[in-house]
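Participant:
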Amino acid sequence: MRQVEASLLGFQKGLLGVEREMMPVYKLTEQLRGTQKNIDLSVLALRQINENFVVAHELAPVLLNGSKFDQDEYIKALQKLLVATAFLEGHRSYEGSVKALDQAKELLVQVRRKCLADFVSIVSVLSRGERENDGALKWVEPSKHDVARAAQLLDCLLISGVDQKELLREYGKQRFDAIRMFVGENPSGGSMVFDLNTPITTLAKHLNDFQVTIEAERMLAGLIYSNEELANAAFRYAAHQVLESWKKDIDVSLRSSKQLDAVKLLLVHDLLLSRLEALESAVLPPLLLRDREGKGLEDPWILSKAVNAIVTDLAETAKQKLFNFQPGLVEASGDRTVTRDGNVHPISSHTLNFLRKVCEQAKPLKILLARDADVSAVAFVDTAVTQLIGALTAKADQLKGRESLKQLFLINNFGYVANSLPHCIQPEDADLEKQLHSLIKPRVEMMRNDALGAFIHLSYVSFKENLNDPTEKLQYAKGGNVLTLESGRLLKEKYSVSLVSSCSHWELLNTAFVFRNLMNSWKNFTKRRGLTWWLKFLYVST
1 MRQVEASLLG FQKGLLGVER EMMPVYKLTE QLRGTQKNID LSVLALRQIN ENFVVAHELA
61 PVLLNGSKFD QDEYIKALQK LLVATAFLEG HRSYEGSVKA LDQAKELLVQ VRRKCLADFV
121 SIVSVLSRGE RENDGALKWV EPSKHDVARA AQLLDCLLIS GVDQKELLRE YGKQRFDAIR
181 MFVGENPSGG SMVFDLNTPI TTLAKHLNDF QVTIEAERML AGLIYSNEEL ANAAFRYAAH
241 QVLESWKKDI DVSLRSSKQL DAVKLLLVHD LLLSRLEALE SAVLPPLLLR DREGKGLEDP
301 WILSKAVNAI VTDLAETAKQ KLFNFQPGLV EASGDRTVTR DGNVHPISSH TLNFLRKVCE
361 QAKPLKILLA RDADVSAVAF VDTAVTQLIG ALTAKADQLK GRESLKQLFL INNFGYVANS
421 LPHCIQPEDA DLEKQLHSLI KPRVEMMRND ALGAFIHLSY VSFKENLNDP TEKLQYAKGG
481 NVLTLESGRL LKEKYSVSLV SSCSHWELLN TAFVFRNLMN SWKNFTKRRG LTWWLKFLYV
541 ST
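Counted the way UniProt numbering counts, the sequence shown spans residues 1 to 542.
Here's what the structure looks like:
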């Protein structure tokens with residue numbers, strides 16, 4: 001056994017010796033394997049470098065002639081170009097990489113430009129409008145093939161890293177151009193033909209066109225853009241131009257030399273309010289974006305804000321027209337001066353006619369004024385009457401030195417207003433009618449009565465003045481009480497037959513006033529002029 005153990009130990013030592021001799025060989029083998037791996041990697045890198053250096057040249061036929069190739073092949077080529085561009089960007093130190101990178105970038109720019117042109121071309125005709133038998137606008141739903149083609153081009157644009165704002169601007173511009181061809185009268189202009197001077201029925205049709213168009217644009221954007229956020233952004237860029245053009249038309253109508261009356265604005269405002277809920281629903285942002293904030297077209301609520309701004313601005317303008325109507329009525333009356341005979345002035349009839357037209361639209365009026373808690377239909381009528389009273393008083397003040405004619409003018413006009421006001425109110429508007437009879441009309445009647453009292457007083461005073469001698473000194477013949485011819489002529493002119501005739505028709509209603517103020521003058525007059533001719537004057541006058 002000892003001999004066997006010795007043999008085994010010797011064999012073991014021999015193996016260890018062999019192992020020591022083979023160790024360098026093992027190490028060299030490992031080094032060779034590492035070298036081979038590096039060689040393989042270098043070959044792959046060189047192959048990749050070579051492929052990326054020539055990728056622009058190889059892919060150009062496919063990418064610049066996409067319509068001739070399968071969509072999947074086109075997208076693979078585009079992705080390969082993007083990979084090559086990224087690789088070359090990270091290996092600028094390689095000889096020739098800068099030139100290859102420039103070629104790849106130039107090809108990418110051309111691809112984007114061509115894809116964008118193709119996308120815009122499809123978008124511009126993707127959904128077109130047509131008129132039905134009743135004249136209503138209808139947008140034809142695009143074919144699935146065209147929608148798929150547009151979506152594919154959009155994917156390519158997004159993959160290529162296109163500027164999304166530029167993409168959205170182009171999309172909005174093309175869709176707005178398509179909309180103008182069917183909604184606007186002039187395709188080259190920006191008008192949506194929403195002229196406030198046209199009849200309400202026509203405006204209602206145009207408003208229906210806007211609503212249908214906005215709803216169609218929202219649906220179209222959802223078909224093309226698979227991403228909800230991007231789809232809503234595209235819809236905003238297209239629909240916002242429609243709303244801006246609509247607002248511009250309204251502003252132009254309001255600034256037009258042909259002034260719109262307040263009643264027309266009242267009806268237009270009522271029309272917009274009747275469609276406001278449907279329009280707001282059409283432009284409402286999706287739930288995903290309702291908590292987002294942004295500026296300009298990046299704001300998800302910009303369309304809702306634009307719709308409400310149009311209605312609010314029109315409401316403010318209508319209220320201004322309602323409460324500041326006086327200058328327009330002065331123009332309409334065609335008379336800036338007071339009448340010379342004290343009759344009813346045209347501004348009174350125009351104001352009452354204006355109130356009648358406005359009160360015929362009692363419901364729209366109350367809806368408009370309901371926006372302000374402190375303003376009501378009663379307050380409006382009261383304001384209109386107050387402005388009319390102020391205008392009539394100002395015109396009466398023009399009759400300086402003719403106080404009797406001034407009071408006669410106020411009597412006629414205030415009486416006309418008081419008698420006409422009840423005819424302006426609609427029977428079904430009980431609240432306004434009650435306020436009119438309890439507050440507004442009594443105030444006008446009181447002013448008429450005040451003017452009537454002042455006129456009667458002035459009439460008595462002027463009659464009393466007629467009893468006085470002429471202002472010129474009367475001359476008597478020498479040695480007697482006989483007037484000279486000249487003084488006699490003065491008396492004859494003052495107490496002429498025409499004066500006697502006019503006084504004979506007077507009705508002296510206030511007997512106490514007559515006895516208190518006129519009787520002494522009569523007594524003095526008869527003492528001075530106790531001739532038969534004057535007795536006739538006294539008899540006829542009393």
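C-beta atoms are modelled at their ideal positions from N, C-alpha and C, and glycine is treated no differently.
(1) Does the separation of the CB atoms of V311 and L272 fall below 9 Å?
(2) In whole angstroms, what separates the C-alpha of T202 from that of L297?
(3) Whole beta strand (DSSP E) runs in the stretch 106-132 with 3 or more residues, listed along the chain?
(4) Closest to A396 by C-alpha separation, out of S438, L388, F409 and A204, would be which residue?
(5) In chain order, what are the residue ranges of uninterrupted alpha helix (DSSP H) at least 4 long that sit wholly in the stretch 391-459?
(6) Which partner residues of W139 appear in the DSSP bridge assignment?
(7) Taking A86 as the reference, which of R448, N65, Y74 and L108 has the closest Cα?
(8) Expressed to the nearest angstrom, what Euclidean distance is found between the alpha-carbon atoms of S376 and L322?
(9) What did DSSP end up calling G342 once you bin it into helix, strand or coil?
(10) Do the CB positions of residue 572 and P285 come within less than 9 Å of each other?
(11) One question on the structure: do A178 and V125 come within less than 9 Å of each other, judged by their Cβ atoms?
(12) At what residues does the alpha helix (DSSP H) containing D209 begin and finish?
(13) May I ask you to report which of helix, strand or coil DSSP gives W301?
(14) Exposed or buried, N38, counting other C-beta atoms within 10 Å across all chains shown (16 or more means buried)?
(15) Would you mind working out which of A306, H423 and D382 sits nearest K357, comparing C-alpha positions?
(16) Can you tell me which of K144, S143, L196 and V123 puts its alpha carbon nearest to the alpha carbon of R169?
(17) Closest to N412 by CA distance: which of D429, K400, A204 and L392 is it?
(18) Would you mind reading off the limits of the alpha helix (DSSP H) that contains M181?
(19) By how many angstroms is the C-alpha of R112 removed from the C-alpha of G81?
(20) Cβ atoms of N197 and K248: under 9 Å apart, would you say?
(21) Go ahead and pull the three-state DSSP assignment for R275.
(22) If you draw a straight line from the C-alpha of A234 to the C-alpha of N208, how long is it?
(23) So is L369 in contact with chain D if we call contact Cβ pairs under 9 Å?
(24) Using a Cβ-Cβ cutoff of less than 7 Å, which residues in the same chain neighbour L368 once the five nearest sequence positions on both sides are dropped?
(25) How is R292 classed by DSSP in three states: helix, strand or coil?
(26) With distances taken from CA atoms, which of G34, D134 and A151 is nearest D118?
(27) Assuming H240 and A306 form a contact by the criterion Cβ under 8 Å, report the distance between their Cβ atoms to the nearest whole angstrom.
(28) Is the CB-CB distance between D418 and V378 below 9 Å?
(29) Between which two residues does the alpha helix (DSSP H) carrying N232 extend?
(30) Select from D251, K138, E403 and F354 the residue whose C-alpha is nearest the C-alpha of A451.
(31) Along the chain, where does the alpha helix (DSSP H) containing K366 start, and where does it finish?
(32) Do R128 and F182 have their C-beta atoms within less than 9 Å of each other?
(33) Relative to the C-alpha of Q361, which residue among L116, Q426 and V120 is closest?
(34) Excluding the five sequence neighbours on either side, which residues of its own chain have a C-beta within less than 7 Å of the C-beta of E433, listed in chain order?
(35) Alpha carbon to alpha carbon, what distance is there between Q12 and Q3?
(36) Taking only three categories from DSSP, how would you classify V375?
Facilitator: Taking the coordinates as given:
(1) Here the question's residue 311 lines up with position 311 in the sequence shown. Here the question's residue 272 lines up with position 272 in the sequence shown. Taking 9 Å as the Cβ cut-off, V311 and L272 qualify as a contacting pair.
(2) As a working note, residue 202 is residue 202 in the sequence shown. As a working note, residue 297 is residue 297 in the sequence shown. Whole-angstrom Cα-Cα distance: 31 Å.
(3) 129-131
(4) As a first step, residue 396 is located in the sequence shown; it is residue number 396 there, counting from the start. Closest option to A396, Cα to Cα, is F409.
(5) 403-424 and 430-435
(6) Numbered from its first residue, the sequence shown carries residue 139 at position 139. Beta-bridge pairing links W139 to G129.
(7) Mapped onto the sequence shown, residue 86 falls at position 86. Ranking R448, N65, Y74 and L108 by Cα distance to A86 puts L108 first.
(8) By 1-based counting over the sequence shown, the position of residue 376 is 376. By 1-based counting over the sequence shown, the position of residue 322 is 322. Rounded to whole angstroms, S376 and L322 show a C-alpha spacing of 12 Å.
(9) In the sequence shown, residue 342 corresponds to position 342, counting from 1. G342 falls in the coil class under three-state DSSP.
(10) Any property of residue 572 remains undetermined from this structure, which presents the chain solely from 1 to 542.
(11) Stepping through the sequence shown from its first residue, residue 178 is reached at position 178. Stepping through the sequence shown from its first residue, residue 125 is reached at position 125. It is a contact, given that the beta carbons lie within the stated cut-off.
(12) On the sequence shown, position 209 is the one that residue 209 refers to. It spans I200 to I224 - the alpha helix (DSSP H) in which D209 sits, taken as one unbroken run.
(13) For this step, residue 301 is matched to residue 301 along the sequence shown. If DSSP states are grouped into helix, strand and coil, W301 belongs with coil.
(14) Counted from its first residue, the sequence shown places residue 38 at position 38. Exposed, since its Cβ has fewer than 16 Cβ neighbours within 10 Å.
(15) Translated into the one-based positions of the sequence shown, residue 357 becomes position 357. Among A306, H423 and D382, the Cα nearest to that of K357 belongs to H423.
(16) Reading the sequence shown from its first residue, position 169 is the one you call residue 169. R169 has its Cα closest to that of V123, out of K144, S143, L196 and V123.
(17) In the sequence shown, counting from the first residue as 1, residue 412 sits at position 412. Ranking the options by Cα distance to N412, first place goes to L392.
(18) Here residue 181 refers to the residue found at position 181 when the sequence shown is read from its first residue. Looking at the DSSP string, the run of the alpha helix (DSSP H) that includes M181 is Q164 to V183.
(19) Start at 1 with the first residue of the sequence shown, and residue 81 comes out as number 81. Start at 1 with the first residue of the sequence shown, and residue 112 comes out as number 112. Reading off the sequence, residue 81 comes out as Leu, not Gly. Spanning the two alpha carbons is a distance of roughly 12 Å.
(20) Sequence index remark: in the sequence shown, residue 248 carries index 248 (1-based). Sequence index remark: in the sequence shown, residue 197 carries index 197 (1-based). Cβ atoms of K248 and N197: not closer than 9 Å.
(21) What you label residue 275 is simply residue 275 of the sequence shown in a count that begins at 1. The answer is helix: DSSP assigns R275 an H, G or I state.
(22) Against the sequence shown, residue 234 aligns to sequence position 234. Against the sequence shown, residue 208 aligns to sequence position 208. When rounded, the distance between both Cα atoms is 22 Å.
(23) Here chain D cannot be found, since the structure has a single protein chain.
(24) For the purposes of this step, residue 368 is identified with residue 368 of the sequence shown, where counting begins at 1. Residues of the same chain with a CB within less than 7 Å of the CB of L368, apart from the 5 flanking positions on each side, are L266, H269, A315, A318 and K319 in chain order.
(25) Counted from its first residue, the sequence shown places residue 292 at position 292. Coil at R292, not helix or strand.
(26) On the sequence shown, residue 118 is found 118 positions in, with the first residue counted as 1. The option with the nearest alpha carbon to D118 is A151.
(27) In the sequence shown, the residue the question calls residue 240 occupies position 240. In the sequence shown, the residue the question calls residue 306 occupies position 306. With 8 Å as the limit, H240 and A306 qualify as a contact, their Cβ atoms being about 7 Å apart.
(28) Against the sequence shown, residue 418 aligns to sequence position 418. Against the sequence shown, residue 378 aligns to sequence position 378. Checking the sequence, you will find Ala at residue 418 rather than Asp. Contact: no.
(29) Counting from 1 along the sequence shown, the entry for residue 232 is found at position 232. N232 -> alpha helix (DSSP H) spans E228 to R255.
(30) Residue numbering aside, residue 451 sits at position 451 when the sequence shown is read from its first letter. Proximity to A451 across D251, K138, E403 and F354 peaks at E403, based on C-alpha coordinates.
(31) Here residue 366 refers to the residue found at position 366 when the sequence shown is read from its first residue. Start and end: A362 to L369.
(32) Here residue 128 corresponds to residue number 128 of the sequence shown, with the count starting at 1. Here residue 182 corresponds to residue number 182 of the sequence shown, with the count starting at 1. For R128 and F182, yes; Cβs fall inside 9 Å.
(33) Here residue 361 corresponds to residue number 361 of the sequence shown, with the count starting at 1. It is Q426.
(34) Taking the first residue of the sequence shown as 1, we reach residue 433 at position 433. These residues qualify, in order along the chain: I425.
(35) Working through the sequence shown from its first residue, we reach residue 3 at position 3. Working through the sequence shown from its first residue, we reach residue 12 at position 12. Answer to the nearest angstrom: the Cα atoms are 14 Å apart.
(36) The residue you call residue 375 lines up with position 375 of the sequence shown. V375 falls in the coil class under three-state DSSP.
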